[in-house]
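Our numbering applies: residue 210 is where the sequence shown begins, and numbers increase by one.
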Amino acid sequence: MKNSLKLIFIHGAGGTDNKWRKVKADFKDLDCNFINLPGHGTNEEPICETIEQYAEQLSKTITEDCIVVGHSMGGMIAIELAARNRHVKGIVLAASFYELPVHPKIIQSLAEGIFPESVFRASYAKEVDENLLKEEKQELDQAPTEIAMKGFIACDQYKNGEVTFSQLMIPIMAIAGDEDRLIPNGALETLQEKNERTEGVTIAGAGHYIHLEKSDAFANELHRFYQQVSEILA
Numbered sequence: 210m211k212n213s214l215k216l217i218f219i220h221g222a223g224g225t226d227n228k229w230r231k232v233k234a235d236f237k238d239l240d241c242n243f244i245n246l247p248g249h250g251t252n253e254e255p256i257c258e259t260i261e262q263y264a265e266q267l268s269k270t271i272t273e274d275c276i277v278v279g280h281s282m283g284g285m286i287a288i289e290l291a292a293r294n295r296h297v298k299g300i301v302l303a304a305s306f307y308e309l310p311v312h313p314k315i316i317q318s319l320a321e322g323i324f325p326e327s328v329f330r331a332s333y334a335k336e337v338d339e340n341l342l343k344e345e346k347q348e349l350d351q352a353p354t355e356i357a358m359k360g361f362i363a364c365d366q367y368k369n370g371e372v373t374f375s376q377l378m379i380p381i382m383a384i385a386g387d388e389d390r391l392i393p394n395g396a397l398e399t400l401q402e403k404n405e406r407t408e409g410v411t412i413a414g415a416g417h418y419i420h421l422e423k424s425d426a427f428a429n430e431l432h433r434f435y436q437q438v439s440e441i442l443a
């Protein structure tokens, strides 16, 4: 019998549900939905231009109580979803923040069809498993850069996050690797200051892709948070 509280996983800019591949088995006993955002992976709906549009689209599909787990851009969508949909009972900001500005040179490079090698390398810890890096590079090479570009632009233009996040009245877990170079310095502490319902969790030896780099530690923390929220609702 599956627990009644669903888990909805939202990938980041340019990603697909495959980014959760290393934790899918850890949650096989729970009711999970590893989604592909519009225009990503197998989802052929038109790609959205803004974080708010993604949240609007997704909110229509959420009709049961759930925890939303969002990685990077997916975390921003989770913030907006929580503000819009009463069924969202908790959110997990995985390597995320309420604002993620992107340097214009990165967007320009993507517009020219090139995903910057420096951004790819900065996404992982220095001692990352080389096999994982090969898998990720292969996946990146197959993905249209236009999709990543539109996601990065949506992140860069999202300006409502701080106010929206600070007003959320649900449990929040912000989890990040101690080698994450893509979110602001002190992100977890800032999130806890902005909303007292936030618990900050640091995963040692992980970069931006904590759920791929340190999947066991990530899954353990998510299970614990899931239990915590389930008990509050019981």
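Where is the CB? At the ideal position from N, CA and C, for every residue including glycine.
If you reduce the DSSP assignment to three classes, tell me which class residue i lands in.
{"i": "residue 236", "result": "helix"}
{"i": "residue 364", "result": "helix"}
{"i": "residue 245", "result": "coil"}
{"i": "residue 218", "result": "strand"}
{"i": "residue 231", "result": "coil"}
{"i": "residue 276", "result": "strand"}
{"i": "residue 213", "result": "coil"}
{"i": "residue 328", "result": "helix"}
{"i": "residue 428", "result": "helix"}
{"i": "residue 271", "result": "coil"}
{"i": "residue 379", "result": "coil"}
{"i": "residue 370", "result": "helix"}
{"i": "residue 443", "result": "coil"}
{"i": "residue 256", "result": "coil"}
Is the beta carbon of residue i less than 7 angstroms from the beta carbon of residue j?
{"i": "residue 287", "j": "residue 299", "result": "no"}
{"i": "residue 435", "j": "residue 260", "result": "no"}
{"i": "residue 416", "j": "residue 333", "result": "yes"}
{"i": "residue 400", "j": "residue 428", "result": "no"}
{"i": "residue 225", "j": "residue 245", "result": "yes"}
{"i": "residue 228", "j": "residue 220", "result": "yes"}
{"i": "residue 239", "j": "residue 216", "result": "yes"}
{"i": "residue 412", "j": "residue 396", "result": "no"}
{"i": "residue 354", "j": "residue 309", "result": "no"}
{"i": "residue 325", "j": "residue 315", "result": "yes"}
{"i": "residue 359", "j": "residue 256", "result": "yes"}
{"i": "residue 276", "j": "residue 438", "result": "yes"}
{"i": "residue 254", "j": "residue 247", "result": "yes"}
{"i": "residue 291", "j": "residue 379", "result": "yes"}
{"i": "residue 273", "j": "residue 296", "result": "yes"}
I'd like the list of long-range same chain contacts for residue i, defined as Cβ closer than 8 angstroms, with 5 residues on each side in sequence excluded.
{"i": "residue 403", "result": "307, 371, 374 and 375"}
{"i": "residue 398", "result": "409"}
With a CB to CB cut of under 7 angstroms and the five nearest residues on each side skipped, what residues in its chain are close to residue i?
{"i": "residue 431", "result": "278 and 301"}
{"i": "residue 331", "result": "390 and 391"}
{"i": "residue 293", "result": "264 and 268"}
{"i": "residue 328", "result": "315"}
So, for residue i: in the same chain, excluding its five sequence neighbours on each side, which residues have a beta-carbon less than 6 angstroms away from its beta-carbon?
{"i": "residue 251", "result": "245"}
{"i": "residue 283", "result": "219, 220 and 221"}
{"i": "residue 423", "result": "412 and 415"}
{"i": "residue 346", "result": "none"}
Please check if any C-beta of chain D sits within less than 7 angstroms of the C-beta of residue i.
{"i": "residue 276", "result": "The structure shown contains no chain D; it holds only a single protein chain."}
Contact defined as beta carbons within less than 8 angstroms: I believe residue i pairs with residue j. What is the distance between those atoms, to the nearest angstrom?
{"i": "residue 304", "j": "residue 385", "result": "5 angstroms"}
{"i": "residue 214", "j": "residue 377", "result": "In fact, because the Cβ distance is near 17 angstroms, the residues do not count as touching under 8 angstroms."}
- beta strand (DSSP E) runs wholly inside the segment 381-422, at least 3 long, in chain order: 381-386 and 407-412
- Message: Going residue by residue through the segment 281-365, where are the continuous alpha helix (DSSP H) segments of at least 4 residues, counting only ones entirely within it?
- Response: 282-293, 313-320, 326-331 and 339-351
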